[in-house]
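To start, the structure under review is shown below, and the notes come after it.
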Amino acid sequence: MCGIVGYVGKNKAIYSLIKGLKTLEYRGYDSAGVALIQNGEIISIKDKGRIDHLENILEYDKFTGNIGIAHTRWATHGIPSKENAHPHIDQNHHFAVVHNGILENYLELKDFLCKEGFSFSSQTDTEVVPVLMEYYYQKDKDVIKAFQHTLKDLRGSYGILIITPLLPDTILVAKNNSPLVIGKGCDGIYVASDVPAILQYTNYFYFLEDGQKAIIHDDVITFYDSKFHEISKQSKKIDWEMDAIDKNGYEDYMLKEIHEQPEAFKNTLNGIISAHEPIHFLEFSLDKKYLEQLKQIYIVACGTAMHAGLVGKYAIERLCRIPVIVEVASEFRYQDPILDEQTLCIFISQSGETADTIAALKLARERKAKTIAISNVFESSITREAKYTIYTHAGPEIAVASTKAYIAQVGIMVSLALYMKEVLEGVNDEIIALKRDIIEIPRLMEEVFKNEDMFKELAHRMSKETDLFYIGRGNDYHTAMEGSLKLKEISYIHSEAYPAGELKHGPIALIDKGTYVFGILTDAQVYEKTFSNLEEVKSRGANIILVTNQDIKGDNVITIPNIDPILSPILAIIPLQFIAYYIAKEKGLDVDKPRNLAKSVTVE
Ligand code: G6P
17 MCGIVGYVGK NKAIYSLIKG LKTLEYRGYD SAGVALIQNG EIISIKDKGR IDHLENILEY
77 DKFTGNIGIA HTRWATHGIP SKENAHPHID QNHHFAVVHN GILENYLELK DFLCKEGFSF
137 SSQTDTEVVP VLMEYYYQKD KDVIKAFQHT LKDLRGSYGI LIITPLLPDT ILVAKNNSPL
197 VIGKGCDGIY VASDVPAILQ YTNYFYFLED GQKAIIHDDV ITFYDSKFHE ISKQSKKIDW
257 EMDAIDKNGY EDYMLKEIHE QPEAFKNTLN GIISAHEPIH FLEFSLDKKY LEQLKQIYIV
317 ACGTAMHAGL VGKYAIERLC RIPVIVEVAS EFRYQDPILD EQTLCIFISQ SGETADTIAA
377 LKLARERKAK TIAISNVFES SITREAKYTI YTHAGPEIAV ASTKAYIAQV GIMVSLALYM
437 KEVLEGVNDE IIALKRDIIE IPRLMEEVFK NEDMFKELAH RMSKETDLFY IGRGNDYHTA
497 MEGSLKLKEI SYIHSEAYPA GELKHGPIAL IDKGTYVFGI LTDAQVYEKT FSNLEEVKSR
557 GANIILVTNQ DIKGDNVITI PNIDPILSPI LAIIPLQFIA YYIAKEKGLD VDKPRNLAKS
617 VTVE
């Protein structure tokens, strides 16, 4: 959701601002804009639509200033329109503001400011910020005081950048429950809502914590805590290479990221799993006594991360016999969950910034549960909230539809289950066999990739469909759910994932002659049962596509390597990712930036 970039330095700001926005496109947006300070005033341009459109209407020659802010907006308050696009500027043209997040008390503030004689030109919550700045500025004629007073008045989540001709070399920065990073490059200081936007300028970043502020003046950054006391902050090094955020010759990020899965999996489990050493997590351990008294485990996440949680549940319950509840974060919070010191809560989030997941994590902490965050983004919000963090090292994931981060999350969840079993029982043959399988996985994924042409051909046959079904049992059902989500997200085809045995309790009524049904069959124990369910739909005219590691011959059979059912989702999802991708391509859709979706959902 909303992307933010800011720059102050020696260069013309416009180039790094637009470049930064383009790198943040994956976050999802519907309008874009920039504002610069030059010749003692604010110059700004914004509109509904893509960044390409903004570039077409902005005249680069006119935007010559060395300080500026930019924004991509994902509409929350007010329709996507030029008026609602950021930056927002007060009526006296003193303050230009970009904001990510939601200001919960904006109506109250707007009402107050209107009574004070100020006017508004948008329907957004954000516009109260420049107007409040102006209101306070008029009182004291002091920009920094106005900044302090304004922030005190705001309730809600925000990453905010403010520029003003009254302090022409300064960017005011504030963060609360919305991501913001600051990087110091050779030729200036950069601010962004995500590391990739400014990775080309530096590998060292300052991560603001909630409530913290920064005032960037020329090449000096001064940090403040929530009470506006000056603090010192250390920068942290992020080792991502620039080519990690390039397409590297692939047509789309999603295709590149599917192909990066063996590497993502290997990097994530490097140092955690080895054939002969006990499993170990850096900076984190659970002892036997703790695990023995554990009453239950909650796994809480959204979207694809929640599906990784389901695979984790399967592994933990099968291996450790500890009950696990997997809950969607937005539901968890309102269910008054029963949590205490004997509950372990695991939160999975690629971005680490999903608002519902963060809120759920805060609730778990309040209720004294032990919390573990699993995130792909260093220093992201959930990693700071949780007691322990395990990082997936999938590298930056740019495509909205998650692929390599999912594989890495599943890798961590299965390793965590194995780790807990090892702590509880000591090493045994089952653990050794599973470790060996895990080590083999990157090679086995490459085997699945060899059938990419077949996946493309199947996608071609299915691209005109309006409804697709995915069925399976146990872990195969979890794969069905993730496969169906991938398809919906990027191809806009309606699809349903169902537990195979449940199909005849309703959805089978939707099966017609020619309907495509994916059957996922990787668990020998339930293989025959699922096969019977597939026969039921076949006899009603359905076209069956099998994804299986069993020895089945036939035209529409995708064979994947045979592996323990605990791990099989890692291989079984790959054909479904490819098929979703190629269907979306056949339909001519923007695979990496599907309509209405955002990579990082930072509002509840
Ligand atoms: C959005 C994305 C999904 C993602 C989900 C959770 O809905 O479009 O791809 O799975 O958020 O994101 P997270 O960053 O918390 O894993």
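Mind the numbering: the sequence shown is residues 17 to 620 in the working numbering, read in order. Ideal Cβ placement from N, Cα and C applies to all residues, glycine included.
With distances taken from CA atoms, which of 32, 107, 159 and 586 is nearest residue 189? 159
Under the three-state DSSP convention, the category residue 60 falls into: strand
Should residue 363 and residue 338 be called a contact, given that it needs their Cβ atoms to be closer than 7 Å? no
Among residues of its own chain, excluding the 5 on either side of residue 321, which ones have a beta-carbon nearer than 7 Å to its beta-carbon? 364, 365, 366 and 425
Using a threshold of 7 Å, state whether the C-beta atoms of residue 251 and residue 220 are closer than that. yes
Using a Cβ-Cβ cutoff of less than 7 Å, which residues in the same chain neighbour residue 80 once the five nearest sequence positions on both sides are dropped? 28 and 54
Residue 496 and residue 508 - do their beta-carbons sit closer together than 7 Å? no
For the alpha helix (DSSP H) that residue 408 lies in, which residues bound it at each end? Unbroken run through residue 408: none, as it is neither H nor E.
When burial is assigned at 16 or more other CB atoms within 10 Å of the CB, is residue 238 buried or exposed? exposed
Given the structure, does residue 194 come close to the ligand G6P, in the sense that its CB is under 6 Å from one of the ligand's heavy atoms? no
Inter-residue spacing [alpha-carbon to alpha-carbon] between residue 136 and residue 535: 55 Å
Please list, in chain order, all residues of the same chain as residue 558 whose beta carbon is under 6 Å from its beta carbon, the five residues on each side excluded. 527, 531 and 533
Tell me which residue opens and which closes the alpha helix (DSSP H) that residue 146 is part of. 144-156
Looking at C-alpha atoms only, which residue of 439, 565 and 428 is the closest neighbour of residue 306? 439
In angstroms, rounded to a whole number, what distance separates the CA positions of residue 541 and residue 423? 24 Å
From 181, 116 and 109, residue whose alpha carbon lies closest to that of residue 147: 109
Cβ-Cβ separation, residue 277 to residue 461 (assumed contact under 8 Å), whole Å: 6 Å
Tell me, which residues are paired with residue 391 by DSSP? 365 and 407
Beta carbon nearer than 7 Å to a non-hydrogen atom of the ligand G6P: 317, 318, 319, 320, 321, 364, 365, 366, 367, 368, 369, 370, 373, 416, 417, 418, 421, 505, 613, 614, 615, 616 and 617
Residues in the same chain with beta-carbon distance under 6 Å from residue 550, minus the five sequence neighbours each way, listed in chain order, please. 535 and 560
According to the neighbour-count rule (16 or more other Cβ atoms, all chains shown, within 10 Å of its Cβ), is residue 617 buried or exposed? buried
Any contact between the segment 73-89 and the segment 37-54? By contact I mean 3 or more CB pairs, one from each, below 8 Å. yes
Which full runs of the beta strand (DSSP E) of 3+ residues lie inside the segment 435-490, going along the chain? 483-488
Which runs of the alpha helix (DSSP H) spanning at least 4 residues fall entirely within the segment 242-324, listed in chain order? 269-275, 277-285 and 304-309
Assigned exposure category for residue 22 - 16 Cβ within 10 Å defines buried: buried
Nearest to residue 409 by CA position, among 390, 403 and 400, is which residue? 390
With a cut-off of 8 Å, do at least 3 Cβ pairs link the segment 192-206 to the segment 230-237? yes
Which residue marks the beginning of the alpha helix (DSSP H) containing residue 128, and which one marks its end? 122-131
Buried or exposed: residue 291, going by 16 or more other Cβ atoms within 10 Å of its Cβ? exposed
What residue does the alpha helix (DSSP H) around residue 548 start on, and which one ends it? 543-554
Going by C-alpha distance, which of 581, 64 and 529 is nearest residue 556? 529
Excluding five sequence neighbours on each side, which residues of the same chain lie with their C-beta closer than 6 Å to the C-beta of residue 244? 164
Using beta-carbon positions only, say whether residue 479 and residue 602 come within less than 7 Å of one another. yes
Where the alpha helix (DSSP H) through residue 45 begins and ends: No alpha helix (DSSP H) contains residue 45, which DSSP labels as neither H nor E.
Rounded to a whole number of angstroms, what is the C-alpha to C-alpha distance between residue 195 and residue 115? 11 Å
Roughly how many whole angstroms lie between the Cα atoms of residue 318 and residue 411? 20 Å
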